[in-house]
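Scroll down for the structure; my scribbles are underneath it.
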Amino acid sequence: MTEKFTRAKGGMGKSIAILVAVSLVSRIATTITLGTHPENYPGATGRFLGENVGGAIGSLLVGLIFFFIIRLVRRRSGDPFAGVLGGLLVIIVASYLAYIGKLSHISR
1 MTEKFTRAKG GMGKSIAILV AVSLVSRIAT TITLGTHPEN YPGATGRFLG
51 ENVGGAIGSL LVGLIFFFII RLVRRRSGDP FAGVLGGLLV IIVASYLAYI
101 GKLSHISR
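The sequence shown begins at 1 in full-length UniProt numbering and counts up by one.
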């Protein structure tokens, strides 16, 4: 019984790393799709990097909230990656909504 709970706790760091990576990749994909470049920003590189890191952190935080809620509910299942799928889906939906918001902002 103890092994089951220790095995479930072992995936926490890996699960969070997966969510961080997906958040960064989805933000980079959004940036590439929109065709934004650092030279298009006043303040250039610093503002460009800050906007992308901030956007990735925003979607990551929302995904982590759902990840921890699902992990709390499924804590007795013994699955070391419990909640990752829920967090991934929330991050992808948040990134999609950010993309749609940027498109509507560009079209004005």
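Backbone N, C-alpha and C define an ideal beta-carbon position, used for all residues, glycine too.
query, result
"Cα-Cα separation, GLY43 to ASP79", "46 Å"
"Simplified DSSP state of HIS37, which is helix, strand or coil", "coil"
"Limits of the alpha helix (DSSP H) - the one that ALA56 falls within", "44-73"
"Spatially closest choice to ILE92 from LEU61, MET12 and LYS14, by CA coordinates", "LEU61"
"Segment contact flag, the region 49-67 with the region 81-99, C-beta cutoff 8 Å, min 3 pairs", "yes"
"Simplified DSSP state of THR2, which is helix, strand or coil", "With a pLDDT of 49 at THR2, under the threshold of 50, the modelled position of that residue is not reliable, and no figure is offered here."
"Euclidean distance between Cα positions of residue 128 and GLU39", "Any answer about residue 128 is impossible in this case: the structure gives the chain only from 1 up to 108."
"Pairwise C-alpha distance: GLY54 and ARG74", "30 Å"
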